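A quick write-up on the structure given underneath.
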Amino acid sequence: MTIPGQLEERVNDSGFALAAVSAPPGSPAERTPAQRSNLLTLTALGYQSWREQSLTLLTGRPLPLSREAAYFGALCRPQAGQAWLDIGTSSGFYAGVLARAGARVLACDISPAMLKVAARRETSPLIQYALLDAERSGLPDQSFDGVTIGATLNETARPRQMLAEAARLLRPGGQLWLMTLARDGSGLQAALGRFGGLSFPDEAQLHAWLPQLEAVGSWRRANVLFGQWIKA
Ligand SMILES: C[S@@+](CC[C@H](N)C(=O)[O-])C[C@H]1O[C@@H](n2cnc3c(N)ncnc32)[C@H](O)[C@@H]1O
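Following this line, the structure appears as structure tokens:
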């Protein structure tokens with residue numbers, strides 16, 4: 006793996022280092038309302054409080070971040086020296102978990118406000134932050150040992166494209182970790198899709214969209230789906 010360590014760094018106006026990458030996010034007009042809402046400073050400042058409770062609220066039973074991190078760690082076992090990409094890092098939850106395991110992380114987001122919050126919360130030198138559209142990253146093939154996508158898939162209008170890009174960036178044997186809200190056929194999801202542009206893939210769609218990857222571990226509580234996939 007060569008990418009994160011070799012990325013040239015630049016310091017943005019907010020004072021934290023951003024990895025210099027070749028695919029800055031496109032215009033806000035291309036974004037779903039959900040993606041656009043994450044560009045707001047207010048959303049970024051409130052995100053971590055929501056994240057700490059979100060899976061408990063969505064599933065109706067306690068599901069703290071510590072349990073999510075433990076489940077991710079037990080299945081994926083990130084190692085020191087590995088290179089991981091965290092797609093849509095927001096406040097840096099998965100990036101932090103990975104760095105504490107010793108992995109190097111390129112933590113990307115299309116929202117400068119989110120990156121600023123993440124860089125303040127998760128300060129490990131193993132993490133590089135990148136303003137990067139993970140649907141068209143421009144990064145070389147097979148650059149990473151692992152990719153995490155924690156709910157970012159739900160926000161894009163092009164979930165298939167995001168997954169194809171993640172698969173392309175994984176080396177053979179590399180792993181993809183997904184935490185996503187699966188389709189439940191509810192009116193609420195239909196409204197969130199219509200007005201927020203959110204996508205709720207079902208499990209069969211995920212399999213169809215990841216033809217080079219095999220699902221090796223999964224856990225579902227209510228409509229929250231966790232899954233570990235390995236690239237052949
Ligand atoms: C629901 S939050 C996910 C938070 C984080 N992964 C976690 O588990 O806490 C989605 C994040 O993905 C970012 N995002 C949405 N579309 C993206 C894209 N195409 N490329 C990179 N980041 C994206 C948003 O700005 C937002 O910060």
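Residues in the sequence shown are numbered consecutively from 6, following the numbering used here.
We treat Cβ as the ideally placed atom computed from N, Cα and C, and that holds for glycine.
What you are looking at is a predicted structure, and each value in this text was computed from that prediction instead of being measured.
By the 16-neighbour rule on beta-carbons within 10 angstroms, residue 67 is exposed. Residue 141 is not a Cβ neighbour of residue 214, given a cutoff of 7 angstroms. By the criterion of a C-beta distance shorter than 7 angstroms, residue 98 is surrounded in its chain by 56, 70, 155, once the five residues flanking it on both sides are discounted.
When the alpha-carbon of residue 161 is set against those of 63, 123, 92, 49, the nearest one is in 92. Within the stretch 68-156, the runs of alpha helix (DSSP H) that reach at least 4 residues and sit entirely inside it are, in chain order, 70-81, 98-105, 117-126. A direct Cα-to-Cα measurement between residue 220 and residue 80 gives close to 12 angstroms. Residue environment: residue 128 is assigned as exposed (fewer than 16 neighbouring CB atoms within 10 Å of its CB, all protein chains considered). By the neighbour-count criterion, in which 16 or more other beta carbons inside 10 Å mark a residue as buried, residue 46 falls on the exposed side. Ranked by Cα distance from residue 114, the first of 145, 64, 36 is 36. In terms of Cα proximity to residue 102, the closest of 72, 186, 194, 39 is 72. The residue from 107, 144, 117 with its alpha-carbon nearest to that of residue 132 is 107.
Taking the Cα positions, residue 153 is about 23 angstroms away from residue 201. Counting along the chain, residue 225 sits inside the beta strand (DSSP E) bounded by residues 218-226. Rounded to the nearest angstrom, the gap between the Cα atoms of residue 40 and residue 171 is 18 angstroms.
The three-state secondary structure of residue 51, taken from DSSP, is helix. Straight-line spacing of the CA atoms in residue 135 and residue 38 works out to 22 angstroms. Contact between residue 222 and residue 233 holds: their C-beta atoms lie close to 4 angstroms from each other, under 8 angstroms.
Shown here, residue 185 sits in a strand according to DSSP, grouped into three states. About 4 angstroms separates the CB atoms of residue 116 and residue 43; that is less than 8 angstroms, so the two are in contact. For the options 100, 190, 146, 186, the alpha carbon positioned closest to that of residue 169 is the one of 146. In this structure, the beta-carbon distance from residue 89 to residue 151 falls below 7 angstroms. Assignment of residue 200 by DSSP, reduced to helix, strand and coil, places it in the helix class.
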